[in-house]
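J.: Numbering (this note's numbering), first residue to last: 21 to 375.
C-beta atoms are modelled at their ideal positions from N, C-alpha and C, and glycine is treated no differently.
Below: one structure in structure tokens.
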Ligand code: UDP
């Protein structure tokens with residue numbers, strides 16, 4: 021028998037593989053009152069609109085095996101090319117940065133990829149060694165776009181300016197030298213026809229799988245004998261794994277503020293609108309009706325405001341956290357080796373006061 025902690029996509033896929041391929045029993049414990057982790061979605065009772073509880077999720081991959089796997093269940097995956105607009109200087113600017121964003125925001129007259137490459141080359145700032153996200157962004161899009169699109173949005177999102185964040189945060193912001201306004205370029209970009217919760221239910225639909233909701237792993241481990249499990253697969257956050265560490269990883273959380281507008285077709289022109297302006301309290305607004313072109317007389321918007329308390333969504337990638345994470349991963353590796361070798365070391369590991 022196997023124990024899996026967490027019923028999000030990772031936990032559910034592993035449970036599906038163990039039960040269907042190995043034909044072994046699985047117990048999944050989930051601290052929330054529902055399966056699906058952060059991908060959890062539901063039909064809003066008032067409007068009939070499918071909404072994500074914890075922010076929008078677009079499934080995208082280039083991996084053929086992953087694509088075949090997700091298509092081997094009943095769910096139909098509907099093509100969805102995600103687009104984002106950012107409201108700046110009273111204009112909706114397409115994100116990621118492309119020819120249209122530069123022309124509209126900076127009154128340029130770029131016509132083609134060659135001119136865009138030249139513009140980028142002229143504006144990108146050269147650094148010998150990129151040390152943080154401010155340098156990363158300026159090296160890719162230059163000072164003006166950085167100030168208008170990135171600096172304040174990032175501050176609102178992280179409560180830190182980009183120069184206080186590891187370069188990886190703004191490394192993943194795509195920049196296009198054409199008119200492509202798609203957020204992702206993967207071969208497969210899709211949404212599940214009946215939602216992620218429905219898909220995850222299909223993954224977990226096996227008599228060998230038992231799901232226990234509303235159960236925290238640290239509580240469970242105090243009251244149950246874990247040595248009965250062949251393997252324990254933990255998909256939760258790494259610092260929660262160590263229940264007795266003094267220092268916690270720093271995360272940003274999101275406060276989701278949901279509003280229903282009856283008898284309104286659409287509230288905004290796109291599924292996601294970003295607000296880099298410091299005077300607006302939220303970072304973005306998601307209007308779920310746009311996804312899968314849903315039909316309803318009403319609409320729902322969810323404004324996202326980030327904060328430090330609440331569920332951890334974004335690990336803060338700065339030097340201190342990366343160091344702490346590396347130490348924690350090191351102990352996880354050791355604990356796996358020791359766990360496999362002998363159960364005798366278990367108490368010793370749980371009592372590590374080092375972290
Ligand atoms: N970002 C920004 N301006 C934008 C969109 C993103 O400065 O209009 C920065 C910001 O620091 C953010 C990061 O890029 O944390 C990644 O943004 P994305 O929206 O892709 O991340 P998500 O919140 O969807 O995971």
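#1: Examine the Cβ distances between the stretch 324-342 and the stretch 267-274 and report whether three or more of them are shorter than 8 Å.
#2: Closest by CA to residue 338, which one among 141, 147, 188 and 243?
#3: Within 8 Å, do at least three Cβ pairs link the stretch 136-149 to the stretch 76-84?
#4: Round the Cβ separation of residue 156 and residue 191 to the nearest angstrom and send it over; I've been treating them as touching at under 8 Å.
#5: Which residues in the same chain have their Cβ closer than 6 Å to the Cβ of residue 36, if we skip the five residues on either side of it in sequence?
#6: Are residue 46 and residue 39 touching if we call contact CB-CB under 7 Å?
#7: When you compare only the Cα positions, how much space is there between residue 289 and residue 112?
#8: Taking the beta strand (DSSP E) that residue 276 falls in, what are its first and last residues?
#9: Taking 6 Å as the cut-off, is the C-beta of residue 173 nearer than that to any heavy atom in the ligand UDP?
#10: With a cut-off of 8 Å, do at least 3 Cβ pairs link the stretch 307-325 to the stretch 118-127?
#11: Less than 6 Å separating the Cβ of residue 377 from some heavy atom of the ligand UDP?
#12: Does the separation of the CB atoms of residue 109 and residue 320 fall below 7 Å?
#13: Over the uninterrupted beta strand (DSSP E) stretch that includes residue 99, give me the two end residues.
#14: May I ask whether a heavy atom of the ligand UDP can be found less than 6 Å away from the beta carbon of residue 193?
#15: Can you tell me whether residue 180 is helix, strand or coil according to DSSP?
#16: Under 7 Å Cβ to Cβ from residue 327, same chain only, skipping five residues before and after it: list those, please.
#17: I believe residue 279 touches residue 303 by the beta-carbon criterion, under 8 Å. Please report the beta-carbon distance rounded to the nearest angstrom.
#18: How many whole angstroms separate the CB atoms of residue 348 and residue 259, which I take to be in contact at a CB cut-off of 8 Å?
#19: By the 10 Å Cβ neighbour count, where 16 or more other Cβ atoms means buried, how is residue 86 classified, buried or exposed?
#20: At a threshold of 6 Å, does residue 47 count as lining the ligand UDP (C-beta to nearest heavy atom)?
#21: If you measure from the CB of residue 169, is any heavy atom of the ligand UDP nearer than 6 Å?
#22: Give the straight-line distance between the Cα atoms of residue 242 and residue 352, rounded to the nearest whole angstrom.
#23: Out of 146, 118, 286 and 162, state which residue places its alpha-carbon closest to the alpha-carbon of residue 198.
#24: Starting from the C-beta of residue 159, find all residues in its chain whose C-beta is less than 8 Å away, skip the five residues before and the five after it, and write them out in chain order.
#25: Consider the C-beta atom of residue 294 and the heavy atoms of the ligand UDP; say whether any pair is separated by less than 6 Å.
#26: Give the secondary structure of residue 420 by DSSP, where H, G and I count as helix, E and B as strand, and everything else as coil.
T.: Inspection of the coordinates gives the following:
#1: Contact between the stretch 324-342 and the stretch 267-274 is present, with at least three C-beta pairs closer than 8 Å.
#2: What you label residue 338 is simply residue 318 of the chain shown in a count that begins at 1. Answer by Cα proximity: 188.
#3: The stretch 76-84 is not in contact with the stretch 136-149.
#4: Position 136 of the chain shown, counted from the start, is the residue given in the question as residue 156. Position 171 of the chain shown, counted from the start, is the residue given in the question as residue 191. That belief holds up - the Cβ atoms of residue 156 and residue 191 are roughly 6 Å apart, short of 8 Å.
#5: As a working note, residue 36 is residue 16 in the chain shown. Answer for residue 36: 223, listed in chain order.
#6: Position 26 of the chain shown, counted from the start, is the residue given in the question as residue 46. Position 19 of the chain shown, counted from the start, is the residue given in the question as residue 39. Contact: yes.
#7: Within the chain shown, residue 289 is the residue found at index 269, counting from 1. Within the chain shown, residue 112 is the residue found at index 92, counting from 1. It is roughly 9 Å from the alpha-carbon of residue 289 to the alpha-carbon of residue 112.
#8: The residue labelled residue 276 in the question sits at position 256 within the chain shown. For residue 276, the enclosing beta strand (DSSP E) begins and ends at 271-281.
#9: As a working mapping, residue 173 is identified with position 153 in the chain shown. Yes - the ligand UDP has a heavy atom lying nearer than 6 Å to the Cβ of residue 173.
#10: No, the stretch 307-325 does not touch the stretch 118-127.
#11: Residue numbering for the chain in the displayed model covers 21 to 375; residue 377 lies beyond these limits and cannot be assessed.
#12: Here residue 109 refers to the residue found at position 89 of the chain shown. Here residue 320 refers to the residue found at position 300 of the chain shown. In this structure, residue 109 keeps its C-beta atom at 7 Å or more from the C-beta atom of residue 320.
#13: In the chain shown, counting from the first residue as 1, residue 99 sits at position 79. Following the DSSP letters along the chain, one finds residue 99 inside the beta strand (DSSP E) bounded by residues 97-99.
#14: As a first step, residue 193 must be located in the chain shown, where it is residue number 173. Yes, the ligand UDP has a heavy atom inside 6 Å of this Cβ.
#15: The sequence position of residue 180 within the chain shown is 160, counting from 1. The answer is coil: DSSP assigns residue 180 none of H, G, I, E or B.
#16: Taking the first residue of the chain shown as position 1, residue 327 is located at position 307. Hits under 7 Å: 273 and 275.
#17: Residue numbering aside, residue 279 sits at position 259 when the chain shown is read from its first letter. Residue numbering aside, residue 303 sits at position 283 when the chain shown is read from its first letter. 16 Å between Cβ atoms; not a contact.
#18: In the chain shown, the residue the question calls residue 348 occupies position 328. In the chain shown, the residue the question calls residue 259 occupies position 239. Contact holds; Cβ gap of about 6 Å.
#19: Your numbering for residue 86 matches position 66 in the chain shown. Its Cβ having fewer than 16 others within 10 Å, residue 86 is exposed.
#20: Counting from 1 along the chain shown, the entry for residue 47 is found at position 27. Taking 6 Å as the cut-off, one finds no heavy atom of the ligand UDP near enough to the beta carbon of residue 47.
#21: Position 149 of the chain shown holds residue 169. Yes, since a heavy atom of the ligand UDP falls inside the 6 Å radius drawn around the Cβ of residue 169.
#22: One-based indexing of the chain shown puts residue 242 at position 222. One-based indexing of the chain shown puts residue 352 at position 332. Spanning the two alpha carbons is a distance of roughly 19 Å.
#23: The residue labelled residue 198 in the question sits at position 178 within the chain shown. The candidate whose alpha carbon is nearest that of residue 198 is 118.
#24: One-based indexing of the chain shown puts residue 159 at position 139. The beta carbon of residue 159 is closer than 8 Å to those of 144, 145, 146, 147 and 150 in its chain, skipping five residues each way along the sequence.
#25: As a first step, residue 294 is located in the chain shown; it is residue number 274 there, counting from the start. Yes.
#26: This structure leaves residue 420 out entirely; the chain is present only between 21 and 375.
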